[in-house]
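Written below as structure tokens is the structure these notes are about.
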Amino acid sequence: MPIQPGISNADVRFGDYKAIGGKLLRVRMTVTADNSPVIQTLRITGDFFMHPEEAIEDLEQLLTGAPLDETALRERVQTFFAGDVQVVGADVSDFVTALLKAV
Amino acid sequence: MAQQEWRLLLTGDMSAFDNMALDEAVLRCVVAGASPSTLRFYGWKPSAVSIGYFQGIEQEVDLDVCREQGVDVIRRLTGGGAVFHEHGSEITYSLAVKDDYPGIPKKVLDSYTLLCGGLVVGFRRLGLDAAFKPINDILVNGKKISGNAQTRRFGGILQHGTLLCDVNLQLMFSLLKVPSEKIRDKLIAGVEERVTSIRREIGMADNDVVIQAMVAGFAEVLDIRLSPGTVSDEELALLERVKEERYANPTWNFKR
């Protein structure tokens with residue numbers, strides 16, 4: 661129910677997911693308030709490993725604006741994993757599951 | 006190939022900020038060719054909580070309790086989980102080497118296996134039945150005794166980790182956030198089952214003895230000789246710079 665145009669009616673959501681390997685993924689997102697909501701801001705934290713570490717910001721950026729459905733999220737996470745990055749302790753599905761927990 | 010000579014640094018107890026800044030300074034100097042490949046052992050004074058690169062500081066740490074207890078809090082350059090470095094109860098090691106060093110696997114997981122293997126040999130020399138547990142832990146009798154974390158940057162590899170000599174779970178869990186207060190005692194009981202220390206296993210944990218065992222372990226698995234050395238002036242200057250830019254800087258520590 662968007663009421664005031666230009667003002668974000670953001671809604672904060674949280675999701676924690678423990679990957680099979682034991683690493684914890686924690687998602688905090690805000691979502692746009694309209695009929696087809698997308699991720700507005702996103703922060704992924706946890707005790708996993710990613711090399712180079714700064715790439716986490718690219719992943720967060722890549723997911724910003726994504727619609728809240730599994731296919732769209734998976735596609736973007738897959739694109740990220742296909743790049744020049746080594747993620748240790750969590751795979752594509754773990755990230756997607758954590759994101760969906762927040763959705 | 007002739008056996009490589011590495012530098013052994015024993016820097017004793019330092020603050021969290023100096024410790025993490027020195028790890029980075031050494032890594033940068035090793036990569037630049039200004040310092041030899043280095044294995045370092047150190048302690049933390051005052052006690053500190055280090056969190057992994059990707060962790061949310063306020064999600065993981067009770068900052069008020071840390072302040073009351075005089076415990077510093079710092080974000081590491083490496084991923085992984087929160088660690089309580091209690092003064093006098095654990096030994097931290099760090100290893101810095103160029104990323105094209107012969108024999109160190111390009112795949113992060115494989116390099117943990119190799120480098121943690123040095124610790125496994127070290128623990129066995131102390132009489133502990135240690136085993137590497139992927140991704141980054143070492144277990145004794147099925148219980149965790151060491152956690153390790155690695156970063157690859159600037160053209161080098163930095164791996165550091167904690168060797169538990171003693172363990173004070175009550176204090177540790179007062180500093181770390183738990184999902185709910187109701188389950189705090191249950192959580193501690195669970196961790197009690199899953200974590201051990203050198204003292205608990207063999208009744209002693211003399212720092213020098215532990216360090217010598219680990220030095221021998223790394224020397225064996227890496228086929229290197231380790232000679233005691235000192236921190237260079239260049240490393241000290243760099244320590245001050247990265248401490249200011251990063252480790253003692255709230256922008257860094259609170260970035261997540």
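Line by line, the protein sequences are chains Y and X. Position 102 (the first sequence) corresponds to 762 in our numbering; numbering is contiguous. Position 146 (the second sequence) corresponds to 151 in our numbering; numbering is contiguous. Quick reminder that beta carbons are idealized off the backbone N, C-alpha and C, glycines included.
At a C-beta separation below 7 Å, Y:Gly749 has these neighbours in chain X: Ile140. Taking 8 Å as the cut-off, the beta carbon of X:Val220 is found no closer than this to the beta carbon of X:Thr16. Between Y:Pro697 and chain X, the shortest Cβ-Cβ separation is not below 8 Å. Uninterrupted alpha helix (DSSP H) stretches at least 4 residues long and entirely within the stretch 184-260 of chain X occur at 189-199, 203-207, 212-227, 238-247, 255-258, given in chain order.
Put simply, the CB of Y:Ile680 is far from chain X, with every gap to its CB atoms at 8 Å or more.
Taking a C-beta cut-off of 8 Å against chain Y, the contacting residues of the stretch 151-170 of chain X are Ala154, Gln155, Thr156, Arg157, Arg158, listed in chain order. Legend: CB atoms of the stretch 702-721 of chain Y lying less than 8 Å from CB atoms of chain X belong to residues Arg703, Ile704, Thr705, Gly706, Asp707, Phe708, Phe709, Met710, His711, Pro712, Glu713, Ile716. For X:Phe46, the pairing in a beta bridge is given by DSSP as X:Leu15, X:Tyr98. In the DSSP annotation of this structure, X:Asn24 is not part of any beta strand (DSSP E); the continuous alpha helix (DSSP H) holding it starts and ends at 21-36. Per DSSP, the continuous beta strand (DSSP E) segment holding X:Ser55 begins and ends at 53-56. When C-beta atoms of the stretch 45-64 of chain X are compared with those of the stretch 88-105 of chain X, three or more pairs fall below 8 Å, so the two segments count as touching. In this structure, the CA atom of Y:Leu733 is about 10 Å from the CA atom of Y:Thr757.
Within its own chain, the residues whose Cβ lies closer than 7 Å to the Cβ of X:Leu13, once the five positions on either side in sequence are excluded, are Leu44, Val220, Leu231, Ser232, Pro233, Gly234, listed in chain order.
Taking the Cα positions, X:Ile150 is about 35 Å away from Y:Met689. Against chain Y, a Cβ distance below 7 Å from X:Gln60 picks out Thr705, Gly706, Asp707. X:Ser99 places its beta carbon 8 Å or farther from that of X:Gln155. Remark: C-beta atoms of Y:Gly675 and Y:Lys761 approach each other more closely than 8 Å.
Linking X:Asp18 to X:Thr167 through their CA atoms gives a straight-line distance of about 14 Å. Secondary structure at X:Ser151: strand, using DSSP grouped into helix, strand and coil. Annotation: the continuous beta strand (DSSP E) that includes Y:Tyr677 extends over 671-678. Proximity of chain X to Y:Arg686 at the Cβ level (cut-off 8 Å) is accounted for by Gly61, Gln64, in chain order. Not flagged as an interface residue toward chain Y: X:Val172, since no C-beta distance is shorter than 8 Å. Looking at the backbone, the Cα of Y:Val691 and that of Y:Ile704 are separated by about 15 Å. Of all alpha-carbon atoms in Y:Leu684, Y:Gly681, Y:Leu759, the one lying nearest the alpha-carbon of Y:Ala726 is that of Y:Leu759.
Neighbourhood of Y:Gln746 in chain X, by CB distance below 7 Å: Val113, in chain order. With respect to the C-alpha of X:Thr256, the residue from X:Ser42, X:Trp11, X:Asp213, X:Tyr58 having the closest C-alpha is X:Tyr58.
The C-beta separation of Y:Ala693 from Y:Asp718 comes to about 26 Å, leaving the pair out of contact by the 8 Å criterion. Under the Cβ criterion of 8 Å, X:Gly85 is counted among the residues facing chain Y.
Interface with chain Y (8 Å Cβ-Cβ cutoff): X:Gly48 is excluded. Going by DSSP, X:Gln8 is part of no beta strand (DSSP E) at all; its letter is neither H nor E. Using beta-carbon distances, X:Gly123 does not count as an interface residue toward chain Y, since no partner is under 8 Å. At a cut-off of 8 Å, the C-beta of X:Arg261 has a neighbouring C-beta in chain Y. The beta-carbon separation of X:Leu244 and X:Leu27, rounded to 5 Å, stays under the 8 Å limit for a contact. Per DSSP, the unbroken alpha helix (DSSP H) holding Y:Thr757 starts and ends at 752-762. Here X:Gln60 carries a coil assignment [DSSP, helix/strand/coil]. The C-alpha of X:Asn24 lies about 49 Å from the C-alpha of Y:Ser696.
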